[in-house]
DNA sequence: TTGTCGGCTGTATAAAAACACAGTCTTTTC
DNA sequence: GAAAAGACTGTGTTTTTATACAGCCGACAA
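Chains as they are written, first to last, in UniProt numbering: chain A, 1 to 216; chain B, 1 to 216.
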């Protein structure tokens, strides 16, 4: 990584700011903290830190600075040698027409033990709504998804119909696909493959839930 | 503190946002996450949370939301800065009288991103049986557990009664504790603390499921 | 019945913040 | 000895973001 002393100071300030005030600093805050006279000084430092992998910058986002684990004190030895995969991406809102793993829609990366899921997932997707309740898939859960365009009957898939991404149980009979919810309150979706387009984005291979045990 | 369910959802979202993206959300981000049509909805919720002491708002500051420790589950707060252990142990068969984390009963270690669960869990436990079905906890799931001897009403706990380890929703009224299943087929367990011994091993803070989406 | 609270919609607007462009002056590094 | 990196100054412009104002509706308490 190899930061210059000045860059280390800036990074240190960001980490302290985060701990003390609960959010990363803005360019302006860096400017006043260091007595700069131009926002570009802060901007340049941030770019340098991002380039060196100490932080991640989110374009167009206020306080869009993310301190990467590798930069945190206590980070294990220099990762320079080992090609550590940088984790499984959490895919956020998926824009119309955009491929699922477009970088713009990746909200975070999680380092997960690969042996946890079988097969290894390609991305995580946050579940919205109660439609898969009876399959133990609740809103807020992260669904681990293996990318694959093929699905077999009975599998839980991530499908896309036009702009809408949905998680459902897959069932195909000839040219008619039915996407079944695991909740009697939701009607099955019926897609005629000869008329409508259905894209299978992948298959659910696992699930992660953080807390959220508030509801029965 | 006493938040309404909706307020708790908002707070939960803020905490998750903070963990996933490294900064608190803006009003606009809350709006899109919850599907509101007006920024005021988010504003009002933030004001309510601030009034109730769950968060602190910094006027005129973007993402000026600070989650107060008192609001964090387990109030463990510093989870993000803890040294990385060599993984979270998966506790297997628990022998009678043995402490939960006895090395003999540890079956595996999984390396997990610490920002995935709040607070950070101390061990994983394989769920047996369908008694928590309606809470989205299915047999075979790995329950992430934070060790703590205290539980609050409504929380899902890992409890031990004699030799038996069980996962249930906790409810205490005076000296009477009821352990409630999330499945009408299972009767609540009733424990009189003055007569029987009940050990709370910890609180459920998350869940991991590998595949197992075979049942509806 | 008249509040007050919770949970919203809808419209504005001022301030905060990101970030581009154009330079200057060192210090490294090839 | 020239190019590249580092550490800045100075001046905008465009988005984001916070937040005010004016309501609506249902629940619940005095």
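Ideal Cβ placement from N, Cα and C applies to all residues, glycine included.
**Prompt:** With a CB to CB cut of under 6 Å and the five nearest residues on each side skipped, what residues in its chain are close to residue 199(A)?
**Reply:** 160
**Message:** Once DSSP output is grouped into helix, strand and coil, what is the label at residue 192(B)?
**Reply:** strand
**Prompt:** Between the region 130-137 of chain B and the region 119-138 of chain A, do at least 3 Cβ pairs fall closer than 8 Å?
**Reply:** yes
**Request:** Check residue 251(A) in the structure and name its three-state DSSP category.
**Result:** An answer regarding residue 251(A) cannot be provided, because it is not within the stretch 1 to 216 covered by chain A.
**Asked** For residue 190(A) versus residue 178(A), is the C-beta distance shorter than 7 Å?
**Response** yes
**Request:** Say whether chain A places a C-beta atom closer than 7 Å to the C-beta of residue 104(B).
**Result:** For residue 104(B), the predicted model reports a pLDDT of 49, less than 50, meaning its position is unreliable and no value from the coordinates is stated.
**Request:** Would you please verify whether the beta carbon of residue 16(A) is less than 7 Å from any beta carbon of chain B?
**Result:** Between residue 16(A) and chain B, the shortest Cβ-Cβ separation is not below 7 Å.
**Residue-level contact to chain B via CB, residue 84(A), 7 Å cutoff** = Since pLDDT at residue 84(A) reaches only 31, below the 50 mark, its modelled position is unreliable, and no value is offered.
**Message:** Which residues in chain A have a C-beta closer than 8 Å to the C-beta of residue 24(B)? List them in chain order.
**Reply:** 22, 23
**Message:** So for residue 203(B), helix, strand or coil by DSSP?
**Reply:** strand
**Message:** Tell me the residue span of the beta strand (DSSP E) that contains residue 147(B).
**Reply:** 142-147
**Asked** In three-state DSSP terms, what is residue 24(A)?
**Response** The answer is coil: DSSP assigns residue 24(A) none of H, G, I, E or B.
**Message:** Please report the straight-line C-alpha distance between residue 54(A) and residue 15(A), rounded to a whole angstrom.
**Reply:** Roughly 11 Å between the two C-alpha positions.
**Request:** Check the C-beta distance from residue 150(A) over to residue 124(A) and give it rounded, since I have them as a contact under 8 Å.
**Result:** With 8 Å as the limit, residue 150(A) and residue 124(A) do not qualify as a contact, their Cβ atoms being about 21 Å apart.
**Asked** Does DSSP put residue 102(B) in a helix, a strand or coil?
**Response** Caution applies to residue 102(B), whose pLDDT of 49 falls short of 50 and renders its modelled position unreliable; the value that the coordinates give is listed next. In the three-state reduction of the DSSP assignment, residue 102(B) falls in the coil class, being assigned neither a helical nor a strand state.
**Asked** With distances taken from CA atoms, which of 207(A), 171(A), 33(A), 59(A) is nearest residue 154(A)?
**Response** 171(A)
**Item:** Cutoff 7 Å: residue 205(B) Cβ touching any chain A Cβ
**Value:** True, the Cβ-Cβ gap to chain A drops below 7 Å.
**Item:** Where residue 25(B) falls, given that 16 or more other Cβ within 10 Å makes a residue buried
**Value:** buried
**Message:** Which residues of the region 111-122 of chain A have a Cβ closer than 7 Å to any Cβ of chain B? Give them in chain order.
**Reply:** 111, 112, 113, 116, 117, 118
**Request:** Could you tell me whether the region 44-60 of chain B touches the region 3-11 of chain B, where touching means 3 or more Cβ pairs closer than 8 Å?
**Result:** The answer is yes - the region 3-11 of chain B touches the region 44-60 of chain B, with three or more Cβ pairs under 8 Å.
**Prompt:** So which residues of chain A does residue 136(B) contact, with C-beta pairs closer than 8 Å?
**Reply:** 133, 136, 137, 138, 141, 209
**Asked** chain B partners of residue 47(A), CB-CB under 7 Å?
**Response** Residues of chain B passing the Cβ test: none, with the nearest at roughly 17 Å.
**Asked** Straight-line CA distance for residue 32(B) to residue 64(B)?
**Response** 18 Å
**Message:** For residue 19(B) and residue 206(B), what's the separation of their Cα atoms in angstroms?
**Reply:** 14 Å
**Inter-residue spacing [alpha-carbon to alpha-carbon] between residue 146(A) and residue 39(A)** = Between residue 146(A) and residue 39(A), the C-alpha separation is close to 43 Å.
**Prompt:** Considering only residues of the same chain and omitting the five flanking positions on each side of residue 235(A), which have a CB-CB separation below 6 Å?
**Reply:** This structure gives no information on residue 235(A), because the portion of chain A shown stretches from 1 to 216.
**Request:** Within the same chain, show all residues whose beta-carbon is closer than 8 Å to that of residue 187(A), passing over the 5 residues directly before and after it, in chain order.
**Result:** 181
**Message:** So, for residue 193(A): in the same chain, excluding its five sequence neighbours on each side, which residues have a beta-carbon less than 8 Å away from its beta-carbon?
**Reply:** 175, 176, 177
**Item:** Assigned secondary structure, residue 164(A) (DSSP; H/G/I helix, E/B strand, else coil)
**Value:** strand
**Request:** Kindly indicate which three-state DSSP category residue 89(B) falls into: helix, strand or coil?
**Result:** strand
**Request:** Look up residue 58(B) in the DSSP assignment and say whether it is helix, strand or coil.
**Result:** coil
**Request:** Check the DSSP bridge columns for residue 170(B) and list the partner residues they point to.
**Result:** 179(B)
**Request:** Give the single residue among 158(A), 208(A), 127(A) whose Cα lies nearest to the Cα of residue 140(A).
**Result:** 127(A)
**Message:** Here's the rule: buried if 16 or more other CB atoms are within 10 angstroms of the residue's CB, otherwise exposed. What is residue 23(B)?
**Reply:** buried
**Prompt:** Since residue 29(B) and residue 17(B) are thought to touch, with beta carbons under 8 Å apart, how far apart are those beta carbons, to the nearest angstrom?
**Reply:** 7 Å
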